[in-house]
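Residue numbers (this note's numbering), protein chains in the order written: chain S, 32 to 392; chain L, 32 to 392; chain A, 32 to 392; chain V, 32 to 392.
Comments concern the structure below.
There are 4 protein chains.
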Amino acid sequence: MLSKKGGCFMKGYALIGKNKTEWRDFSMPKINPYGAIIETKVVSPCTTDIHLLETGAVDNPSLIGKPMGHEMAGIVIEVGSEVKEFKVGDRVLVSATQANFRSLEAQAGMSKLADTNQYWMDDPERGGTFVEKYYLLDADMNLAHIPDSVTWEQAVMTPDMILTAFEGVREANIEFGDSVVFIGVGPVGLMGVQAAAIRGAGKIFAVGSRQVCFDVAKELGATDTIDYHDSDYVEEILKRNGGPVDRVVISSGTEDSLSIALKLVKRGGIVCNLASYFGHSSISIDLEAWAFGASDKTIVSPLCPGGRLLMDKMLKLIENGRIHPEKIITHKFYGMEKIEDAMQLFINRDRSLIKPVVFFD
Amino acid sequence: MLSKKGGCFMKGYALIGKNKTEWRDFSMPKINPYGAIIETKVVSPCTTDIHLLETGAVDNPSLIGKPMGHEMAGIVIEVGSEVKEFKVGDRVLVSATQANFRSLEAQAGMSKLADTNQYWMDDPERGGTFVEKYYLLDADMNLAHIPDSVTWEQAVMTPDMILTAFEGVREANIEFGDSVVFIGVGPVGLMGVQAAAIRGAGKIFAVGSRQVCFDVAKELGATDTIDYHDSDYVEEILKRNGGPVDRVVISSGTEDSLSIALKLVKRGGIVCNLASYFGHSSISIDLEAWAFGASDKTIVSPLCPGGRLLMDKMLKLIENGRIHPEKIITHKFYGMEKIEDAMQLFINRDRSLIKPVVFFD
Amino acid sequence: MLSKKGGCFMKGYALIGKNKTEWRDFSMPKINPYGAIIETKVVSPCTTDIHLLETGAVDNPSLIGKPMGHEMAGIVIEVGSEVKEFKVGDRVLVSATQANFRSLEAQAGMSKLADTNQYWMDDPERGGTFVEKYYLLDADMNLAHIPDSVTWEQAVMTPDMILTAFEGVREANIEFGDSVVFIGVGPVGLMGVQAAAIRGAGKIFAVGSRQVCFDVAKELGATDTIDYHDSDYVEEILKRNGGPVDRVVISSGTEDSLSIALKLVKRGGIVCNLASYFGHSSISIDLEAWAFGASDKTIVSPLCPGGRLLMDKMLKLIENGRIHPEKIITHKFYGMEKIEDAMQLFINRDRSLIKPVVFFD
Amino acid sequence: MLSKKGGCFMKGYALIGKNKTEWRDFSMPKINPYGAIIETKVVSPCTTDIHLLETGAVDNPSLIGKPMGHEMAGIVIEVGSEVKEFKVGDRVLVSATQANFRSLEAQAGMSKLADTNQYWMDDPERGGTFVEKYYLLDADMNLAHIPDSVTWEQAVMTPDMILTAFEGVREANIEFGDSVVFIGVGPVGLMGVQAAAIRGAGKIFAVGSRQVCFDVAKELGATDTIDYHDSDYVEEILKRNGGPVDRVVISSGTEDSLSIALKLVKRGGIVCNLASYFGHSSISIDLEAWAFGASDKTIVSPLCPGGRLLMDKMLKLIENGRIHPEKIITHKFYGMEKIEDAMQLFINRDRSLIKPVVFFD
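Structure representation (structure tokens):
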């Protein structure tokens with residue numbers, strides 16, 4: 032196990048370059064009056080971390096040398112003088128998107144576009160959540176109290192997995208009884224299945240390829256599981272549904288996904304894209320599926336939102352037993368240094384993996 | 032048991048006057064090309080029927096002499112020449128609101144306001160659903176196929192109980208994690224609790240007075256049950272919720288309900304009224320609760336909608352195990368003549384009653 | 032001039048094949064109880080007609096041998112027995128999209144997808160509006176009374192030009208003060224400019240190439256006109272607007288249009304496509320402009336709607352002086368046979384043409 | 032004229048008690064890093080000021096002794112170290128509602144409910160805008176640059192008159208061609224008429240009693256003016272409109288207004304209340320007009336919003352010639368001390384008054 036340093040240093044798991052990481056000591060930040068420092072209790076690596084690792088963060092060179100990670104929960108150990116809602120000792124969830132709410136984007140209801148999360152920012156003093164102690168700029172706006180009955184592992188599924196999926200389902204505007212297809216049932220897709228079920232969907236098709244995901248999809252509300260290796264899976268969905276579906280959510284995408292989604296969805300329906308398409312310059316839309324431009328099919332592409340209010344709402348869903356994010360956790364590690372093992376599962380494309388968590392002690 | 036007449040007569044349970052009903056023979060209608068005749072399998076009396084009975088339908092004198100009732104399911108026994116989607120032998124649900132979809136109201140998305148349901152219309156040849164054989168004007172628009180896995184008793188909860196409640200919850204526009212209060216947990220209120228739970232509510236407060244309703248409320252998703260006989264129940268809700276709630280749905284109302292709802296709901300929140308206020312000329316709004324006119328509290332008051340599409344969607348929720356309307360049925364009767372016994376439960380204000388159904392054979 | 036035939040024949044301008052038309056006699060239809068026959072007073076050819084002519088209607092072979100056209104207004108000369116709202120002698124506007132409102136599509140608020148307009152249907156007895164007398168199936172649903180103060184030429188701009196443009200602007204959901212770009216300022220784009228101006232847009236950029244269109248765009252509310260031949264026109268718009276715009280409406284499109292629109296629109300904004308992309312199998316989306324899938328940019332693609340209610344609303348805008356569709360009419364012809372001359376303007380790509388009308392007498 | 036003091040004192044027009052005001056010297060505040068000080072150029076008294084004066088601010092005793100006023104524009108003379116978007120010398124508009132955007136209310140899109148405007152706050156150092164120099168807490172969030180082509184008097188109509196009215200019209204969700212009634216055509220009602228016209232309304236009924244208001248209403252887009260002294264004015268509107276209207280906006284209310292509005296609006300329509308009802312404990316809803324609770328009539332009651340983004344949008348409407356707020360200004364005064372004369376117009380219920388402005392030099 033790594034020795035935990037006291038004083039003004041803390042250990043972090045830093046990205047060094049393409050496929051290279053390193054444990055480094057980082058100096059403790061001096062907090063601003065609105066800030067807080069959180070002792071990390073649990074983190075969860077994500078495919079975005081792997082993407083950054085495997086590309087060496089070519090699109091965000093400022094990330095090199097900084098701690099990785101953006102999903103975490105922990106305990107408040109220091110707060111700035113102006114922090115009103117949080118105090119030392121509180122169990123808290125940290126927002127993955129840490130907006131500057133004093134922004135025109137926030138005034139427009141799009142705070143997520145005013146992200147100041149250090150993970151992404153060009154600020155040498157800031158970094159990700161794979162550290163012993165994590166500093167954030169605006170505690171009152173970007174932390175949330177974890178209710179007693181919510182576990183650490185449930186909590187850490189919230190800032191990215193749940194919020195991305197639930198934002199997608201919200202934007203997909205599912206109505207009571209609607210049929211919905213999820214293309215991709217990794218952790219975000221599975222949380223989407225859960226979201227659709229508690230948003231009132233009727234039939235839910237989970238499109239994937241792994242039995243471990245299908246099993247969880249069924250538990251979370253899918254009515255049908257579909258293997259995309261079957262060459263006629265689009266026709267199979269259309270047949271089982273008795274025609275095109277009301278909504279499609281893409282959480283794992285290839286160059287064909289948008290066109291497939293447009294084929295699956297009915298006119299007047301909505302396609303919600305949650306997938307990232309890196310490494311390509313364009314993606315195409317099949318014109319026949321798009322009715323040559325007059326399809327009345329809407330395409331939305333929401334980014335994960337954040338902030339205290341939304342995290343509070345999601346935590347209420349867990350607290351009241353409406354959703355069960357712990358079901359997507361397939362691997363648990365104990366000890367900060369096990370972040371490496373958790374990352375390795377992604378790198379190996381381990382077919383038993385849905386989502387890992389790493390408890391720091 | 033009543034003898035069932037063949038040929039051109041059918042038995043019906045008619046409203047004759049204030050607190051007076053009678054079994055009468057009605058002549059069989061001649062159907063139009065778009066119409067259908069349904070052999071009744073199950074009906075359910077409702078508080079609206081009792082209201083009409085106890086007032087002698089003072090506001091709708093044309094109802095006198097006609098069969099009562101508006102909730103039913105049955106089997107198609109005759110269809111007009113232009114009916115495309117239904118055939119003799121089909122198990123079908125009948126819409127309580129039977130819109131004329133060829134209307135400007137329907138073009139405006141408010142087909143429910145172009146209701147041609149015979150129960151309400153000033154047409155001597157038309158009547159309610161408490162008859163052996165029921166005639167409706169437009170089968171393709173106002174019937175729905177009952178899926179094999181949906182029972183008669185589940186189905187008959189759909190046209191009024193489910194559709195009224197789900198319309199209310201839809202108009203209340205509940206967002207993930209929202210806190211919701213239901214004032215009144217009779218059958219519509221309970222279906223509202225269920226609707227809120229599968230629409231993503233967090234905390235759900237069920238306000239009522241009877242244990243039988245509280246028990247079902249808990250099963251359907253309520254987190255808290257509140258007895259309105261407790262003088263401080265409004266404060267109790269505010270305390271448990273940590274402040275005003277996001278949404279309030281009134282399904283059973285008194286002259287105070289709207290003001291109480293406005294006290295309970297937060298600014299920016301929505302109050303949805305599903306209650307009827309007969310016997311009064313006005314209802315008042317507490318101005319302080321309404322912030323003297325600038326509260327940003329929205330008040331909606333939706334009528335039950337109908338039509339095939341919505342019934343199909345609701346039936347999909349039952350078919351896929353999302354909702355459990357059978358839980359609100361407390362009394363089952365067998366034999367058409369038992370409609371009288373079912374009605375008597377309402378008249379007696381039987382405290383064990385939530386919702387009765389009467390199977391015709 | 033063509034001789035007008037009485038009795039049971041009427042003259043029509045029929046599509047015969049690729050680049051081939053012919054004047055033919057059509058037998059008068061026998062109307063159904065809900066139908067009506069309209070004596071044509073004015074029609075307007077449209078680019079869709081030209082597309083059908085130049086391709087020989089390859090995608091709709093049933094159109095061959097039928098009258099062309101879908102924009103018209105006229106006088107009622109016969110109504111079916113069940114028609115309630117229209118009588119012989121009424122000045123009426125005919126819906127271009129003639130929905131069957133007795134359909135699940137209409138119940139879903141998408142009546143336009145249940146189009147029974149004879150122009151498009153596989154019914155040998157039905158055809159387009161370039162005829163002396165036009166038969167429609169459902170008068171009460173698909174006609175609208177033309178107010179006295181509205182001229183024939185204003186009226187005939189309604190069923191396609193105005194309704195397509197206004198539906199686009201409605202779906203673009205313009206908010207007060209929003210900046211909007213119109214890519215393409217032909218007749219639909221210009222009506223879009225007008226719609227945006229009376230929907231509360233701030234800055235309106237009209238992107239086109241012809242001075243005649245720019246002049247009308249300015250009159251109808253454009254603040255800036257932009258020539259797309261300027262290689263840096265996208266940058267010019269971004270500069271003048273001080274960054275990306277709130278909304279983009281594409282009414283005239285090439286393979287690049289969708290990507291250009293995504294470059295122009297801000298995150299959180301909406302791109303509305305009204306253009307048709309025939310002759311291609313796919314259209315591409317620039318991934319950088321789409322933020323690799325997480326752009327929060329919404330893409331909508333509405334079809335022209337129809338029906339009496341919407342036409343009534345649009346006619347109210349003309350009647351009350353809110354909009355001035357007559358400004359897009361550049362050419363007027365008198366005499367039914369002049370349809371040929373009007374069509375020729377399109378075929379010649381006449382640079383002075385925005386929209387022609389042909390009065391039948 | 033009042034002598035303008037330099038140094039650390041500034042003159043202000045303070046509320047002292049019921050019907051009592053006084054010119055006082057206030058010490059200059061020390062600004063925080065996000066704050067700014069604005070030299071006042073123009074203010075406008077409003078009925079809210081008169082209400083506070085005539086009641087002695089019984090409901091807000093902390094206002095006693097402070098400067099009055101909340102509508103102003105001026106020139107930046109000092110900015111805090113963290114202010115990024117404004118500098119000394121800028122012409123700026125000051126938000127009437129000065130939200131703390133670092134709040135859960137703002138995260139919920141309701142920043143107006145987190146108002147920190149000193150006018151309303153229990154902070155002895157803060158006050159209204161009727162001062163030589165005005166201090167606000169968060170310049171980047173609550174100021175807006177006034178475009179060169181926008182005059183001071185146009186600008187000062189924005190923070191309350193325009194924003195209240197436009198918020199009301201936005202919440203009334205007017206669709207193209209809708210008929211709208213404005214009950215009350217004082218300055219907010221008139222700006223509402225303008226808003227409705229540029230939001231796409233068809234017929235606009237302006238209900239009031241003074242010719243000066245009717246004249247401006249016509250200029251701003253009203254199609255019909257209605258005197259509420261005519262005993263049958265409700266019937267007159269219903270007759271002219273051919274039935275109930277789509278939307279009603281109440282900007283000036285009595286105890287009957289809500290019931291009248293519900294009588295005027297169609298089922299499925301919206302009533303938007305912008306009026307304040309002080310001095311009463313409740314307001315009643317006519318149950319017949321509300322269809323006894325199932326009317327599908329929505330009631331909204333929005334407060335005036337604020338913030339830079341919205342002010343920017345409104346200023347763009349002025350800058351681009353879409354709206355003409357200067358038309359509601361009936362009285363102009365020059366010299367700060369003339370605030371008294373402007374206030375007197377309200378006190379006298381001067382029938383020629385719509386809205387006054389006071390230029391400070």
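Note that CB positions come from ideal geometry on N, CA and C, so glycine has one too.
Note that the structure is a prediction, hence the values are computed from the model and not measured.
Got a sec: which bits of the segment 163-180 of chain V sit with their beta carbon under 8 Å from any beta carbon on chain S, in order along the chain? 169, 171, 172
Residue 23 of chain V, enclosing beta strand (DSSP E) - first and last residue: As shown, chain V starts at 32 and ends at 392. That puts residue 23 of chain V outside it, with no answer to give.
Limits of the unbroken beta strand (DSSP E) element including residue 409 of chain L: The question about residue 409 of chain L has no answer, for chain L in this structure spans 32 to 392.
When S:196, S:307, S:296 are compared against residue 317 of chain S, the one with the closest alpha-carbon: To locate residue 317 of chain S, count along the first sequence from 1; it is residue 286. With distances taken between Cα atoms, residue 317 of chain S lies closest to S:296.
Who are the neighbours of residue 340 of chain S on chain V, taking C-beta pairs under 8 Å? Within the first sequence, the letter at position 309 stands for residue 340 of chain S. The contacting residues are 135, 138, 139.
Going along chain A in order, which residues have a C-beta closer than 7 Å to the C-beta of residue 230 of chain V? Reading the fourth sequence from its first residue, position 199 is the one you call residue 230 of chain V. Result: 230, 231.
Restricting to Cα atoms, I'd like to know which of L:119, L:165, L:319, L:106 is closest to residue 90 of chain V. Indexing the fourth sequence from 1 puts residue 90 of chain V at position 59. Between residue 90 of chain V and the set L:119, L:165, L:319, L:106, the nearest pair of CA atoms involves L:319.
From V:67, V:215, V:337, V:368, pick the residue whose C-alpha is nearest to that of residue 161 of chain V; which is it? What you label residue 161 of chain V is simply residue 130 of the fourth sequence in a count that begins at 1. Closest option to residue 161 of chain V, Cα to Cα, is V:368.
Report all residues from its chain with a CB closer than 7 Å to the CB of residue 202 of chain V; omit the five preceding and five following residues, and keep chain order. Position 171 of the fourth sequence, counted from the start, is the residue given in the question as residue 202 of chain V. Here the set comprises 303, 331, 333.
Given a limit of 8 Å on CB to CB distance, which residues of the segment 187-209 of chain V reach chain S? none
Look up residue 162 of chain A in the DSSP assignment and give the residues it is bridged to. The count along the third sequence starts at 1 and reaches residue 162 of chain A at position 131. DSSP, once it has assigned bridges, lists A:43 as partnering residue 162 of chain A.
Give the straight-line distance between the Cα atoms of residue 18 of chain V and residue 360 of chain V, rounded to the nearest whole angstrom. Since the first and last residues shown for chain V are 32 and 392, residue 18 of chain V lies out of range.
Contact belief for residue 111 of chain S with residue 65 of chain S at Cβ below 8 Å, rounded distance in angstroms: Working through the first sequence from its first residue, we reach residue 111 of chain S at position 80. Working through the first sequence from its first residue, we reach residue 65 of chain S at position 34. About 5 Å; that satisfies the 8 Å criterion.
Let me know the beta strand (DSSP E) ranges lying completely inside the segment 34-119 of chain V, each 3 residues or longer, listed in chain order. 40-48, 51-58, 67-74, 103-110
List the endpoints of the continuous alpha helix (DSSP H) containing residue 308 of chain S. Indexing the first sequence from 1 puts residue 308 of chain S at position 277. Where residue 308 of chain S is concerned, there is no enclosing alpha helix (DSSP H), given that its DSSP letter is neither H nor E.
List, in chain order, every chain V residue whose beta-carbon is nearer than 8 Å to that of residue 306 of chain L. Within the second sequence, residue 306 of chain L is the residue found at index 275, counting from 1. Within 8 Å Cβ-Cβ: 324.
Could you give the distance in angstroms between the alpha-carbon of residue 77 of chain S and the alpha-carbon of residue 248 of chain S? Start at 1 with the first residue of the first sequence, and residue 77 of chain S comes out as number 46. Start at 1 with the first residue of the first sequence, and residue 248 of chain S comes out as number 217. Going by the C-alpha atoms only, they are around 19 Å apart.
Which residues does DSSP list as the beta-bridge partners of residue 378 of chain A? By 1-based counting over the third sequence, the position of residue 378 of chain A is 347. In the DSSP output, where bridge partners are listed per residue, residue 378 of chain A has none listed.
Taking 7 Å as the CB-CB cut-off, is residue 348 of chain A touching chain V? Taking the third sequence and counting its residues from 1, one reaches residue 348 of chain A at position 317. Judged by the 7 Å Cβ criterion, residue 348 of chain A is in contact with chain V.
Strictly by DSSP, which residues pair up with residue 167 of chain V? Within the fourth sequence, numbered from 1, the residue matching residue 167 of chain V stands at position 136. Partner(s): V:67.
Given a cut-off of 7 Å on the beta-carbon distance, is the pair residue 104 of chain S and residue 219 of chain S in contact? Sequence index remark: in the first sequence, residue 104 of chain S carries index 73 (1-based). Sequence index remark: in the first sequence, residue 219 of chain S carries index 188 (1-based). Cβ atoms of residue 104 of chain S and residue 219 of chain S: not closer than 7 Å.
Identity of the residues DSSP links to residue 130 of chain S by a beta bridge: Here residue 130 of chain S is taken as the residue at index 99 of the first sequence, counted from 1. DSSP, once it has assigned bridges, lists S:146 as partnering residue 130 of chain S.
Got a sec? Which residues, its chain only, sit under 6 Å from residue 80 of chain V by beta carbon, not counting five neighbours each side? For the purposes of this step, residue 80 of chain V is taken as residue 49 along the fourth sequence, with counting starting at 1. The residues are 99.
Counting only Cβ pairs nearer than 8 Å, list the residues of chain A close to residue 345 of chain V. Position 314 of the fourth sequence, counted from the start, is the residue given in the question as residue 345 of chain V. By Cβ distance, chain A contributes 207, 208.
May I ask you to list the residues that DSSP assigns as paired with residue 243 of chain S? Here residue 243 of chain S is taken as the residue at index 212 of the first sequence, counted from 1. Paired residues: none, contrary to the question.
Following the continuous alpha helix (DSSP H) through residue 190 of chain A, name the residue where it begins and the one where it ends. Your numbering for residue 190 of chain A matches position 159 in the third sequence. Where residue 190 of chain A is concerned, there is no enclosing alpha helix (DSSP H), given that its DSSP letter is neither H nor E.
Where residue 117 of chain A meets chain L, residues with beta-carbon distance less than 8 Å: By one-based count along the third sequence, residue 117 of chain A stands at place 86. Correct list: empty, because the minimum Cβ distance to chain L is about 13 Å.
I'd like to know whether the C-beta of residue 131 of chain A is nearer than 7 Å to at least one C-beta of chain V. Position 100 of the third sequence, counted from the first residue, corresponds to residue 131 of chain A. Judged by the 7 Å Cβ criterion, residue 131 of chain A is not in contact with chain V.
Residues of chain L with CB closer than 8 Å to the CB of residue 254 of chain S, please, in chain order. Taking the first sequence and counting its residues from 1, one reaches residue 254 of chain S at position 223. Within 8 Å Cβ-Cβ: 351.
Comparing the C-beta of residue 333 of chain L with each C-beta of chain V, is any distance below 7 Å? The residue labelled residue 333 of chain L in the question sits at position 302 within the second sequence. It does; some Cβ of chain V falls within 7 Å.
Looking at chain L, which residues of the segment 233-246 of chain S have a Cβ within less than 7 Å of any of its Cβ atoms? 233, 234
Thinking C-alpha only, which one of S:84, S:204, S:49 is nearest residue 299 of chain S? In the first sequence, residue 299 of chain S corresponds to position 268, counting from 1. That would be S:204, whose Cα lies nearest to the Cα of residue 299 of chain S.
Could you list which residues in chain A have their beta carbon closer than 7 Å to that of residue 321 of chain S, in chain order? Here residue 321 of chain S corresponds to residue number 290 of the first sequence, with the count starting at 1. Near residue 321 of chain S (Cβ distances below 7 Å), the residues of chain A are 332.
Would residue 102 of chain S pass as a contact of residue 75 of chain S if the rule is Cβ separation under 7 Å? The residue labelled residue 102 of chain S in the question sits at position 71 within the first sequence. The residue labelled residue 75 of chain S in the question sits at position 44 within the first sequence. Contact flag set, yes.
Which residues does DSSP pair with residue 176 of chain S in a beta bridge? Your numbering for residue 176 of chain S matches position 145 in the first sequence. Looking at the DSSP assignment, residue 176 of chain S forms a beta bridge with S:123.
For residue 84 of chain S, decide whether its Cβ has a neighbour in chain A, counting only Cβ atoms nearer than 7 Å. Taking the first residue of the first sequence as 1, we reach residue 84 of chain S at position 53. Answer no: the Cβ-Cβ gap between residue 84 of chain S and chain A never drops below 7 Å.
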